[in-house]
Structure formats: structure tokens, C-alpha cells
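J.:
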Ligand SMILES: NC(=O)c1ccc[n+]([C@@H]2O[C@H](COP(=O)([O-])OP(=O)(O)OC[C@H]3O[C@@H](n4cnc5c(N)ncnc54)[C@H](OP(=O)(O)O)[C@@H]3O)[C@@H](O)[C@H]2O)c1
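In this note's numbering, the protein residues as written are 1403 to 1746.
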């Protein structure tokens, strides 16, 4: 079968990992990279000598040999570039957050519906041997009916991004849209059978008085219609990278944990433990977990969807709902009041 041909827009810290993941995927081909700065272009050229490198994403979109456009640029460019890629007739893999506003997400969704092309959102944790295995076990009934979910990140340092976009509210939106958005998505996915979350209550603060609205510490509670709830908590004022998910149900409990000196380590420590109501067992995840591995699985999954029509791991509606949860949580933290969610 012919390989799925990818064009990649954005070759920064995470885009370079996307390029590696596409190159490592057997039925994918990295045809072209659009990298804006000279520095990014020369890094791309060095690592991918047979791939064409261009500076303008419109030049990439004007090619006639691409099946999928993979977009890994700062958040404030997502709407414009994703809509242009979909309108050019390509399937799109778009990094999270889908956009910084609900309106932006809806415009991207409308472009994907008009074009009839696939729109995948970069929630690669769903593909994880660790975080994804938690969902599989819940689905198999390993803990009965889930009643409580806690997802927590303990981290430092935090990358500023090219030109410092991650420290600029106009370009990043807020920090809930960076890391906690993954956890909102996971909590909603883990508790699928509880219905769509209908309320969020959040608290946040910053360790730096010069950027009070970019919160290092953030905690939110999500309520679900059947009485289950999820707690999402992050601190960027800690050290290293340690992430935990704990889910308890009417008949058991799951505890997943991942640790690395940094988020992108190829040698993480992790475990998944399951209590079935009587005893605890260590679950074999069948291979390493971590975002550098999950990215390869995500590219593979996009290829399968393009070639065989298998469902996407996360689609535009998942992207929109995750943004809605984050923005409502931000509002809750700012106003000191719970916010109603309606994720139709
Ligand atoms: N799913 C995940 O786990 C995950 C992890 C990390 C990041 N992300 C997301 O990925 C995106 C990028 O993050 P990052 O950490 O890679 O940021 P980054 O290191 O700042 O890289 C962004 C790159 O995009 C380039 N760029 C900006 N506009 C462009 C354009 N019009 N055409 C081509 N390239 C353009 C920048 O070019 P210059 O160098 O010229 O400025 C920069 O190289 C963000 O949306 C972020 O939220 C997701």
C-alpha cells in the first residue's frame, strides 16, 4: 500500500518530535516541512535530508502530493493554518489546544465538515500504553462503575516556546490550555459512561507577580451527571516531571504513575496498579509509555484512519469540548464561582 504522505507545519521543540515520529512510522512518508525561521529550517534540513524544506506554509499547501497536514505551531496560529489546510483538501492532525477560543474551534470544525476531511487533535495520551490502558481497564469493568478520578502533574521547568509565545497571554491563551487540557480530555474519556461533565470549579495562582494570569498552580473539579467527579491538578512550580492518574470505582481502583527527569525522556519510570477489591496487581503495559512514544502511535493511528477508516483517537468534537472545559475552568478560577458546562 502507498505510504500516507505528510506535510508538517512547524519545526520547533515539539514539531521536531512529530517529524521523527512520521519518519519512524512504516506506512508514513514525510514529504515536506514548513519551518519559518532560518534556524528551524537548518535543523529540519540536518535531521531530514531527503525531505523538502520550505519557509512558507502556503507553499507547502500548494503541493499536490500530500494526504495529511500535521500542524505544530503556537496556539494563536492554529485556527488560520488548520482552516487553510482543510480547505486545501487535506486531512489534518492539529496539535492541542485546537484553538484558544470556542469560536476558533467551531470555525475549524466547520472547515472540516465542509471539506469532508479528517480532523485529528493531538491528544496523544489517549494512545498511551499507560494512560490509554487505564481507559481499557475501565471499559472492561475492572473497577466497576467509576466514581472518582484524580489526574495530577508535578513539573518544572516549563519551555517558553519560540519567541516566548508561552509567556504571552495573547499567543498562548492561558496555561490551562497547555498541559491541563490533556487531563480534562483524559478525565472526560475515562468517565465516558458517567455522561458529559456538567460543572467545573477551579482555583489557580501564580508564583510570579508579573504574570498573575498565567497560573503555575491550578486545580479544577469536574462534576458528572451520575455523581462521579474528577480532580485535575497541576503545579509548574515543582521539579522534574511526575504525572499520576488515580481512578476508583464501585469494585476496584487503578493507580497509574509516570516519572522522568523531563517530559520527553526515552527512559521513564512508570507503573500501573490495579486493585480488584481484594488484592493489588501490577499491570503489564506491554512497552514504554511517554509522549515521545505516544506520538509515533498517534501518527500510525492517523495513517490507519486515512487508509482504513478506523476511528480517530480524538476528533474535532473532543478538541472543542476540551477547550470549553479549560475556558470555563479559567472563568471559574477568575470569578471564584463554579461554572456550568454544556458540552452538547
Ligand atoms: N500534545 C502535546 O503533548 C504537545 C506538547 C508540546 C507542544 N504541543 C503543542 O504544539 C504546538 C507547538 O508547540 P512547541 O512546543 O513545538 O512550540 P515551539 O517550540 O515554539 O515551536 C513552534 C514552531 O512553530 C513555528 N511557526 C510559527 N508560525 C509558523 C508558520 N506560519 N509556519 C511554519 N512554522 C511556524 C515557529 O517558528 P519560529 O522558530 O520561526 O518562531 C516554531 O519553530 C503548540 O500548540 C503546543 O501547545 C503539544
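Cβ atoms here follow ideal geometry from the backbone N, Cα and C, with glycine treated the same way. A quick note: this is a predicted structure, and the numbers were derived from the prediction, not measured.
Measure from the alpha carbon of residue 1415 to the alpha carbon of each residue in 1442, 1456, 1405, then state which is nearest.
T.: 1442
J.: Could you give the C-beta distance for residue 1529 and residue 1642, rounded to a whole number, given that I count them as a contact under 8 Å?
T.: Actually they do not touch by this definition, with Cβ atoms about 23 Å apart.
J.: Can we say the region 1529–1543 touches the region 1623–1641, given the rule of at least three CB pairs closer than 8 Å?
T.: The region 1529–1543 is not in contact with the region 1623–1641.
J.: Helix, strand or coil for residue 1635 per DSSP?
T.: It is a strand residue.
J.: What ranges does the beta strand (DSSP E) occupy inside the region 1625–1701, keeping only unbroken runs of at least 3 residues that lie completely in it?
T.: 1631–1637, 1642–1651, 1655–1662, 1671–1677, 1682–1684
J.: Just how far apart, CA to CA, sit residue 1472 and residue 1557?
T.: 27 Å
J.: Look up residue 1747 in the DSSP assignment and say whether it is helix, strand or coil.
T.: Here the chain covers residues 1403 to 1746 and nothing more, so residue 1747 does not appear.
J.: Do you know how far the Cα of residue 1694 is from the Cα of residue 1553?
T.: 20 Å
J.: Verify whether the separation of the beta carbon atoms of residue 1571 and residue 1521 is less than 8 Å.
T.: no
J.: Closer than 7 Å: is that where the CB of residue 1560 sits relative to any heavy atom of ligand 1?
T.: no
J.: Which same chain residues end up closer than 7 Å to residue 1613 when comparing Cβ atoms and leaving out the 5 residues on each side of it in sequence?
T.: 1569
J.: What's the C-alpha gap between residue 1444 and residue 1407?
T.: 22 Å
J.: Which partner residues does residue 1434 have in the DSSP bridge list?
T.: 1409, 1454
J.: Taking its Cβ as the centre, do 16 or more other Cβ atoms sit within 10 Å of residue 1737, making it buried, or is it exposed?
T.: Exposed is the call here.
J.: Across which residues does DSSP place residue 1548 in a beta bridge pair?
T.: 1651
J.: Taking the Cβ atom as the reference point for each residue, do residue 1619 and residue 1589 lie within a distance shorter than 8 Å?
T.: no
J.: Starting from residue 1473 and walking both ways along the alpha helix (DSSP H), at which residues does that stretch end?
T.: Not the alpha helix (DSSP H): residue 1473 falls in the beta strand (DSSP E), residues 1470–1473.
J.: With a CB to CB cut of under 7 Å and the five nearest residues on each side skipped, what residues in its chain are close to residue 1607?
T.: 1617, 1619
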